[in-house]
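Chemist: One structure, pasted below without further comment.
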Amino acid sequence: MQVKLEKEYPIPANMDTCWHILCDVEQLAGCMPGAEITERVDEKNYVGLVKVKVGPATAAFTGKIELLGFDEAGKSIRLMGKGADKSGSTASMDLTASVRAGATPGECVLIGTSDVIINGKFAQFGGRMMNSVSDMILQQFADNFSAKAQAVYGQANPASAQAQATAQHPPKVHKGINAFAIMWVVIKDLFSNLFGAKK
Amino acid sequence: MNSPLNDRKAALMGMGDSRLRKEDARFIQGKGNYVDDIKMPDMVYMDIVRSPVAHARIKKINKEAALAIPGVLAVLTADDLKPLKLHWMPTLAGDVQAVLADEKVHFQMQEVAVVIATERYIAADGVEAVSVEYEELTAVIDPFKALEKGAPVLREDLAGKTEGAHGKRYHHNHIFTWEAGDKAKADVAFSAAEVTVKQDMFYPRVHPCPLETCGCVASFDPVRGELTTFMTSQAPHVVRTVVSLLSGIAESKIRIVSPDIGGGFGNKVPVYPGYVCAIVASIVLGRPVKWIEDRVENISSTGFARDYHMTGELAATKAGKITGLRVNVIADHGAFDSCADPTKFPAGMFHIVSGSYDIPAAYCRVDGVYTNKAPGGVAYRCSFRVTEAVYLIERMVDVLAQDLKMDKAEIRSKNFIRKEQFPYTSAFGFEYDSGDYQGALDKVLNACDYKGLRVEQAAKRADPNSPTLMGIGLVSFTEVVGAGPSKMCDILGVGMFDSCEIRVHPTGSAIARMGTISTGQAHQTTYAQIIATELGLPSEVIQVEEGDTSTAPYGLGTYGSRSTPVAGAAIAMASRKIHAKAKKIAAHLLEVSENDLEWEIDRFKVKGQDAKFKTMKDIAWAAYNKPPAGMEPGLEAVHYYDPPNFTFPFGIYLCVVDIDKATGETKIRRFYALDDCGTRINPMIIEGQIHGGLTEGFAVAMGQQLTFDAQGNIQGNTLMDYFLPTFVETPKWETDFTVTPSPHHPIGAKGVAESPHVGSIPTFTSAVVDAFSHLGVAHMNMPHNAFRVWQQLQASGVKS
C-alpha cells in the first residue's frame, strides 16, 4: 500500500543547525524512532535497521538508504530507503526533506514530502492504521529532530531561550516505535472520526 | 390410502419425510472426524513460506537458518521439485500453476517454499527462518490495465504463446475469449430496437470462506508403494486421477479419503500446492505429513469466486418485451487460470444469462485475464458462473423496467418463458426442463402483499420526515445445475457422470457407496431416503458411505448442486436394478408370474390379494438363501448415471429493506424466498439449505469483498475484516415452495443448495437500488455496506 505524506514542523532552532542535522544521514536516521544506521558504505550509501511493532505484526526492516539528491542552496535533500523484514514485509520510502526560514532567526520549518510503499504482512493487517501510524511516526521523528536541533543550537548559543528551556524541561526523545502509543493514536483517530466534526 | 398403509409408509421415512439429520449426532457432540482430527504414528508437520509481495523475481532462497533449527527435517523449494517435474502442475482449466514459485512470484501469499518439521510450531519457526531475496516488479491488479499495450508480462512461462487451452490469446496477459449465442442476430435485434439499455456492473472478488480451512494428511508407504491421503476435497476421485497423472503412481495404489468436511462451497474443488507438497514431502521422508492452512492463508491463496467486470445490454419494445441481450465480461482470473469449470467451458455455465426470460436473440462474450492476484474462480455455492449470470440478467431487467417506468413484477411477467413452452430451448442452446414462473411469482406477490408494499413506499417517499428510504427487491431466477451430460461436460476428459453402489444385506439392511462427498449437505440422511422409497427398506437401516476412493465407485464429486441431480439419479437407478431382481425372486417365492405381482410400499403382493406378499426384507434373505434356479445369489447393483440434460431449479425472491437516511445502515425488513427444486426429498433439510444459502447470499451482497491495494497487497484477509454473518446480523428468512418435477430425472429432483445463494444476491441489490430508484439511480455495485450506501445517500443529496 502507498501512503503519500506532506508535513511541516516548526523547529525552535536556526536554519543552519537544522540543515547540518539534515545533511548528516546518520544523525537524521537517529531521529527516526526505532531506526539506526548500521553501516556507511560510502558517502551516498548506507545500511540501516528499523524496528516496528504494531499489534500482531512485528518487523525489523533491514535495508539500504541512498542519498539521491543534495541541494545546498535550496537546503533540500532527497533520500531513498528500501528495506525488507524476514517475516514478510517490505517497505520503501522516497523522502524529500528541506528547511526554510521561520518567523525569527532562531526558528525554522522542517518540510518533509514522502512517498511510502509498504507490502506484505504490514500492508495486509495494517491497511486501516497506516495513515495514523505514519502520522505518529513522523511526529515522533520531528520531535526527535527538534530536540536534537535545540540541543545543538542551545550549546552553540548558551544565552538563547532554547538553551534555558531545554535545561529546565529536557524535550522528550522517542527511542522506539511504541505499540501502545500507536494503538492509542489509532483509537483516538477512530473516535474523532466517529464523533468529530464533519469534514 | 388407509391407515395401515400410511403407517408402513411412514415407518420407512422415505422421500418427503423431514427425518432428522443422521450426521448431527456426531457433529453436535464434537465427534466428527475432520482432516485435522487425523493423527498417524510418526506424523510430521508442514508449513508454507509465502510471498510478501504480489509480483517479484526470486533472487535467492536461503534455507540454512531454517535447516539449523532442531526438529526441522526439510525445506523444499521449486528447485527441489524440478527433478520430479512437480514444480508446476496442470490446472482444471487447461493452464499450469506453480506448485512452488519458480523464479517468479505472481501473487501475494503465493507458495514459495515448504518447511517440514517434527512439531507444528517448529515448522512455523522454520518458515520464519527461511529468507527469500526478491527483486520487486510492478504488480498489475486491474484487469483492464493488464490488457493495456505496455502492461508488464505477468506469465513469462507463456511468452510467445498465442494459443491457450481455449483458443487464441490476443495479448500477453489475455487467457481466453469465450463466446456463446448468435452475435449477428443479437446485433440485428439491437439495431431494430425501440428501446435499449446498457449498464456496467462489477461483481467483486469474494471468497467462500468455509469454516474448516483446507488441509491434508499424506502418507506414503515406501514398502508397499502405496499413497494414502486424507484431504479436504469435494472431488476425491478426480484428485486421485490427478495425483496418479502427476506422480506416476498407479491409480490403484493411491487412496484419497475425504473424511467429514466442514463446508466447501467450491473452495475445496481445486488441487492446491499444499496438497502436492505434503504428498511429495511424505514420499521424500517416508513419513505421514500433515498440512493444515490457517484462516489468513485460506482467504488469501485458495479458490476465490467471481471478480467479473460485466456490461449488460437489453433491447426491447416500448411495451417492455425484451428482444435482444448482449453481455461482455472481463474476467479477472488472477495469476494462473485454475478456474474450476467443466473443461470445455472456461466461463462455466455463464450462458444461462438469458435467465427465466424468452429472449429471441442473445450473445455473450467473456475474456479471461491474468493479474497479480491469487488464482481461483471457483463456483462459490453455485453452479459454474451461474451466480454472475443470474446477477447480470436480473439487474438488467430492473434497469430496463426503470427506464420504461414499468413495474418490476410486470416486466418479468411480460417476458417469462411460459409454462406451456417447456421444454424450452434458449437462445444460448440450453434446453430448460420444466418451470412455472408466473405461478410462483403470483404466489410470492400475494404472500407479501406487493401492491400494499408499493403503496407504503410511495407514502414514505412523499414524507420528507421519513427517517428511512424503503426499497423492494424482486428476482425471478433460473439456475442450471446437475453438471452434467458427458456429451457436453467433462473434467480433464472424465465425463461428469456420478455413481452409486448399493448392497442389500441378507437381513434387509443396506449400504450405499457414492461418488459424491457431503460437505454438510446431509447426504447420509437424504440418500437413504431415496433408497427407502425405491426399495421399501427403512432409511434407519441404510448406511451411506462416501469419500473413500478405495471403497466408493468413481464419481465426480459434490459441487454445482450436482449431488441430487446426478448422484441422486444414480441411487434411484441402482435401486431399480435391485428392485427388478427382487421382483423375480418374489415371483419365485410366491410361485406366480412376475406379471401377477404389484409393488406396494415395502413389498410385492399378488395383485388383489393383500395376504399373499413378500416384503423386501423377506426377499433379501431369499436372495442369499434360495434364489431361483439359474439366478446369481446376492442383492446388489451399481449404476453410473450420465444425465441426459441439466436440471433447471428456479425461484422467486422478494426483499424489503429500510435504509437509514443518516447512517446508510440497511435493515432487511423482510425476505421471502420461494424455491422450486422439483421433487422434495427432505423438506427440513431443504429449508436448512435455503437458510444457509440465503445467509451466504446476504454476506456477499452486504459485506464480502476481497480488496487489493495498488501494489497487490490483499486487504482484509482475516475474519476481523472479511464479513461472515453470525446470528446477530442475519435477517429472518421466510421460505415457500412450488413443485415442478424435472421430467428427465428418475425422481424428478432438481437440486437446491445453491439456488438461495444465486437468487438472493441480486435480490438484495434490487432492493437497495429500488430505495434510490426515484432519485434516478439504476444500479449500485456490491457490497451494500453502510459506508457505501451512505456515499450513495450523499451523492443523491438525501437529507436526514
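Chains as they are written, first to last, in the numbering used here: chain D, 1 to 199; chain L, 1001 to 1800.
Glycine residues also receive a C-beta, built at the ideal position from the N, C-alpha and C atoms.
#1: What do you reckon, are the CB atoms on L:S1258 and L:I1517 nearer than 8 angstroms?
#2: Name, please, each residue of chain D whose Cβ falls closer than 7 angstroms to the Cβ of L:G1717.
#3: Identify the contact partners of D:G120 in chain L, using a Cβ-Cβ distance below 8 angstroms as the criterion.
#4: Please identify the residue among L:V1271, L:A1462 and L:F1648 whose C-alpha is closest to the C-alpha of L:M1349.
#5: Taking D:Q139 as the reference, give the member of D:P10, D:Q2, D:V3 and D:M1 with the closest Cα.
#6: How about D:M1: is its C-beta nearer than 8 angstroms to some C-beta of chain L?
#7: Name, please, each residue of chain L whose Cβ falls closer than 7 angstroms to the Cβ of D:T38.
#8: Over the uninterrupted alpha helix (DSSP H) stretch that includes L:T1763, give me the two end residues.
#9: Would L:H1639 and L:K1577 qualify as a contact pair, given that the criterion is a beta-carbon distance under 8 angstroms?
#10: Buried or exposed, going by whether 16 or more other CB atoms sit within 10 Å of the CB of L:A1507?
#11: Helix, strand or coil: which one does DSSP assign to D:A97?
#12: L:D1709 CB to nearest chain D CB: under 8 angstroms?
#13: Please tell me whether L:V1105 and L:H1174 are closer than 8 angstroms, where the distance is taken between their beta carbons.
#14: Rounded to whole angstroms, what is the Cα-Cα separation between L:Y1527 and L:S1575?
#15: D:T90 versus chain L: which residues are under 8 angstroms apart at the beta carbon?
#16: What's the call for D:T104, buried or exposed, on a 16-neighbour Cβ count within 10 Å?
#17: When you compare the CB positions of L:S1434 and L:P1743, do they come within less than 8 angstroms of one another, or not?
#18: Run the CB neighbour count on L:E1394, radius 10 Å, all protein chains shown included, and call it buried at 16 or more, exposed below.
#19: Could you tell me whether the Cβ atoms of L:V1053 and L:Y1134 are closer together than 8 angstroms?
#20: Where in the stretch 1071-1124 of chain L do unbroken runs of the beta strand (DSSP E), each at least 3 residues long, occur, reported from the N-terminal end onward?
#21: According to the neighbour-count rule (16 or more other Cβ atoms, all chains shown, within 10 Å of its Cβ), is L:K1009 buried or exposed?
#22: For L:R1026, report the span of its beta strand (DSSP E) as first-last.
#23: For the stretch 1560-1608 of chain L, list the beta strand (DSSP E) runs that are entirely contained and at least 3 residues long, ordered along the chain.
#24: Please classify L:V1455: is it buried, with 16 or more other beta-carbons within 10 angstroms of its beta-carbon, or exposed?
#25: Determine the DSSP secondary structure at L:A1786, reduced to helix, strand or coil.
#26: With distances taken Cα to Cα, identify the nearest neighbour of L:I1511 among L:A1532, L:V1494, L:G1520 and L:A1662.
#27: Give the straight-line distance between the Cα atoms of L:F1646 and L:M1496, rounded to the nearest whole angstrom.
#28: Could you tell me which uninterrupted alpha helix (DSSP H) segments, each at least 4 residues in length, are contained entirely in the stretch 1110-1191 of chain L, listed from first to last along the chain?
#29: Pick from L:A1458, L:F1708 and L:A1795: whose alpha carbon is nearest that of L:M1470?
#30: Indicate whether at least one CB of chain L lies closer than 8 angstroms to the CB of D:I21.
#31: Could you name the residues of chain L that D:I111 contacts, counting a contact when the two beta carbons are closer than 8 angstroms?
#32: Assign L:P1062 to one of three DSSP states: helix, strand, or coil.
#33: At a Cβ cut of 8 angstroms, what residues of the stretch 57-84 of chain D count as close to chain L, listed as they run along the chain?
#34: Where DSSP assigns a beta bridge to D:R40, which residues make up the other side?
#35: Taking 8 angstroms as the cut-off, does the stretch 1373-1385 of chain L touch the stretch 1338-1349 of chain L (at least 3 CB pairs, one atom from each stretch)?
#36: Quick check: the stretch 1210-1228 of chain L against the stretch 1014-1030 of chain L, are there 3 or more CB pairs under 8 angstroms?
Modeler: For this structure:
#1: yes
#2: Going by the sequence as given, residue 1717 of chain L is Asn instead of Gly. Near L:N1717 (Cβ distances below 7 angstroms), the residues of chain D are Q124.
#3: P1052, V1053, Q1108 and N1713
#4: L:F1648
#5: D:P10
#6: yes
#7: Residues of chain L passing the Cβ test: none, with the nearest at roughly 17 angstroms.
#8: Going by DSSP, L:T1763 is part of the alpha helix (DSSP H) stretching over S1755 to F1772.
#9: yes
#10: The question names Ala, yet the displayed sequence has Thr at residue 1507 of chain L. Flag for L:T1507 reads exposed.
#11: strand
#12: yes
#13: no
#14: 11 angstroms
#15: What D:T90 touches in chain L, judged by beta-carbon distance under 8 angstroms, is P1052, V1053, Y1134 and E1136, going in chain order.
#16: exposed
#17: Taking a C-beta distance under 8 angstroms as the contact criterion, L:S1434 and L:P1743 qualify as a contact pair.
#18: Label assigned to L:E1394: buried.
#19: yes
#20: 1072-1077, 1088-1090, 1096-1098 and 1111-1117
#21: buried
#22: Per DSSP, L:R1026 belongs to no beta strand (DSSP E); it is in the alpha helix (DSSP H), D1024 to F1027.
#23: For the stretch 1560-1608 of chain L, whole beta strand (DSSP E) runs of length 3 or above, ordered along the chain, are 1597-1600 and 1603-1606.
#24: exposed
#25: helix
#26: Comparing Cα-Cα distances from L:I1511 to each of L:A1532, L:V1494, L:G1520 and L:A1662, the minimum goes to L:A1532.
#27: 11 angstroms
#28: 1120-1129, 1143-1146 and 1183-1191
#29: L:A1458
#30: No, its Cβ sits nowhere closer than 8 angstroms to a Cβ of chain L.
#31: Chain L residues near D:I111: none, gap ~26 angstroms exceeds 8 angstroms.
#32: Correcting the residue identity first, residue 1062 of chain L is Asn in this sequence and not Pro. Reduced to three states, the DSSP call for L:N1062 is strand.
#33: A84
#34: Assignment of beta-bridge partners to D:R40 by DSSP yields D:Y46.
#35: yes
#36: no
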